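Peer 1: Quick note: the sequence shown uses our numbering, first residue 35, plus one each step. Glycine included, every Cβ here is placed at the ideal spot set by N, Cα and C. Predicted model, so just to flag it, every value in this text is computed and none were measured.
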Amino acid sequence: MPSPRRPHLSIALLLALLLWPAAALQAATRYFWHPEIAPAGPVVVIVSLDEQSIYVYRNGVAIGAGPISSGKPGYETPPGVYSILQKEREHRSNLYDDAPMPYMQRLTWDGVALHGGVLPGHPASHGCVRLPPAFAEKLFAVTQRGGIVVVSDSKVSPAPIVHPAAVAPIDLTGAPMAVPGEGDDTLTLAPGGALGVVVSTYDQRVYVLRNGVLVGQAPLSTAPGEIPEGTLLYVMTGQAEAGGDDRPTLPRWSAYRILGEGPVPDPATMAAQIHVPGGFGQRLRDAMVPGTTVLVTDLPGLGGDEKAPYAKLLEAVSPAPATAKPVTPRESR
């Protein structure tokens with residue numbers, strides 16, 4: 035029989051994190067780490083550049099926080115929404131004197147990563163996000179390739195939502211919704227691995243990534259003026275019963291506002307305004323499992339206008355031919 039004191043312990047830990055002052059996170063060796071609050075579920079990492087802090091959420095619940103050191107002037111860490119492209123326990127920089135980068139988690143192929151390092155109490159890296167070494171090890175253990183890391187210039191917190199996926203043209207009864215023509219949609223999904231979806235109203239396209247690799251895309255149509263401005267991140271955390279034997283089981287989501295102001299819209303609002311080709315939407319919905327992320331943004335989805343803030347919201351690579359030679363990425367520290 036589980037201990038009756040455990041729920042009270044979790045509540046106490048949650049309150050401790052909520053009340054944890056940002057200044058307390060600046061001590062290089064001090065951090066908060068209590069994964070027992072949420073033992074399972076998808077992980078989202080939030081890096082706050084203005085606070086010089088990192089927050090770790092699992093299943094929409096904060097399980098950790100700590101200080102960071104981001105890029106110094108002239109080498110600023112670029113804000114954006116990234117997927118973890120590569121993980122290495124032992125890694126060294128090929129640009130800066132073979133400097134150690136333990137528990138490296140690569141965010142871009144041109145040098146931005148999370149890793150353990152020295153934290154002097156201010157931005158001091160060449161673009162990477164340095165973490166306390168012990169915290170970097172713990173974080174490394176709970177993330178996976180393809181997981182989401184948000185680098186923001188403000189603090190981001192989640193809100194729980196229960197509803198079908200925003201980009202799937204399926205109503206609450208599970209019936210297909212009317213959508214525009216099929217278009218040039220493509221979707222090839224290998225089994226297993228983190229699934230990420232980018233809905234870009236700027237590009238008028240939906241992009242699908244598996245483990246950071248672009249595996250599909252399709253055109254989308256939206257009702258003019260109905261999609262909220264900014265960037266929103268939805269993370270599927272599980273399933274919730276939908277009240278009634280004749281109603282389907284609905285996905286449970288956590289939602290994060292990354293850019294813009296105002297409340298995070300319920301996915302029901304999104305689903306009524308975003309349409310993708312029916313076959314593409316159905317295949318995508320069938321592939322969604324807890325851990326799936328859906329990014330809805332009014333900025334370019336993959337690449338795009340280099341002058342726009344957050345221009346590259348997700349770094350991705352197309353599936354490479356079997357004969358392709360590996361590319362050695364640049365690295366910062």
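Which partner residues of Leu-119 appear in the DSSP bridge assignment?
Peer 2: Beta-bridge pairing links Leu-119 to no other residue.
Peer 1: So, with DSSP's three-state summary, where would you put Gly-313?
Peer 2: DSSP places Gly-313 in helix when its eight states are reduced to three.
Peer 1: Please determine, among Val-249, Pro-166, Ile-261 and Pro-154, the residue with the shortest C-alpha to C-alpha distance to Leu-236.
Peer 2: The residue asked about is misnamed: residue 236 is Tyr in this sequence, not Leu. Cα-wise, what sits closest to Tyr-236 is Ile-261.
Peer 1: Gln-273 bridges to which residues according to DSSP?
Peer 2: Bridge partners of Gln-273: Pro-285.
Peer 1: Let me make sure I understand the geometry here. Which of Gly-161, Pro-324, Val-185 and Gly-151 has the alpha-carbon closest to that of Glu-171?
Peer 2: The shortest C-alpha separation from Glu-171 is found at Gly-151.
Peer 1: I want to know whether the stretch 289–300 touches the stretch 239–247 - three or more CB-CB distances under 8 Å.
Peer 2: With a cut-off of 8 Å, the stretch 239–247 and the stretch 289–300 do not count as touching, because too few Cβ pairs lie within range.
Peer 1: What number of angstroms, rounded off, separates the C-alpha of Pro-113 from the C-alpha of Val-146?
Peer 2: Spanning the two alpha carbons is a distance of roughly 11 Å.
Peer 1: With Val-81 and Ile-97 assumed to form a contact (beta carbons below 8 Å), what rounded beta-carbon distance in angstroms separates them?
Peer 2: Not really, about 15 Å apart at Cβ, beyond 8 Å.
Peer 1: Spatial neighbours of Tyr-65 within its chain, please: C-beta separation below 6 Å, excluding the five flanking residues on both sides.
Peer 2: Answer for Tyr-65: Gly-100, Pro-166 and Phe-169, listed in chain order.
Peer 1: Leaving out the 5 sequence neighbours to the left and right, which residues in its chain are closer than 6 Å to Arg-364 when beta-carbon positions are compared?
Peer 2: Reliability fails at Arg-364, whose pLDDT of 46 lies under 50, so the model's placement of it is uncertain and the value that follows must be treated cautiously. Closer than 6 Å at the Cβ level, and outside the excluded window around Arg-364, lie Asp-144 and Gly-145.
Peer 1: Identify every residue that forms a DSSP beta bridge with His-149.
Peer 2: In DSSP, His-149 forms a bridge with Arg-164.
Peer 1: Assign Pro-73 to one of two classes, buried (16 or more other C-beta atoms within 10 Å of its C-beta) or exposed (fewer than that).
Peer 2: Result: exposed.
Peer 1: Of all Cβ atoms in chain C, is any one closer than 8 Å to the Cβ of Gly-272?
Peer 2: Of the protein chains in this structure there is only one, and it is not chain C.
Peer 1: Helix, strand or coil: which one does DSSP assign to Ala-257?
Peer 2: Correct three-state label for Ala-257: coil.
Peer 1: Assuming Ala-99 is part of the beta strand (DSSP E), what are its boundary residues?
Peer 2: Ala-99 -> beta strand (DSSP E) spans 95–101.
Peer 1: At what residues does the beta strand (DSSP E) containing Met-138 begin and finish?
Peer 2: That run of the beta strand (DSSP E) goes 138–140.
Peer 1: Shortest alpha-carbon distance to His-149 belongs to which of Glu-122, Pro-285 and Gly-155?
Peer 2: Ranking Glu-122, Pro-285 and Gly-155 by Cα distance to His-149 puts Glu-122 first.
Peer 1: For Gly-181 and Ala-257, I'd like the C-alpha separation in whole angstroms.
Peer 2: Gly-181 and Ala-257: Cα-Cα distance of roughly 30 Å.
Peer 1: In whole angstroms, give me the CA-to-CA distance for Val-185 and Pro-324.
Peer 2: If I take the Cα positions, the gap works out to 22 Å.
Peer 1: Does the distance from the CB of Tyr-109 to the CB of Thr-142 come in under 8 Å?
Peer 2: No, the Cβ-Cβ distance between Tyr-109 and Thr-142 is not below 8 Å.
Peer 1: Please list, in chain order, all residues of the same chain as Tyr-241 whose beta carbon is under 6 Å from its beta carbon, the five residues on each side excluded.
Peer 2: Excluding sequence neighbours, Tyr-241 sits near Val-232, Gln-251, Gly-335 and Leu-336.
Peer 1: Identify whether Ala-228 lies in helix, strand or coil by the three-state DSSP scheme.
Peer 2: Coil, per DSSP.
Peer 1: Between which two residues does the beta strand (DSSP E) harbouring Thr-331 extend?
Peer 2: Here the beta strand (DSSP E) through Thr-331 covers 327–331.
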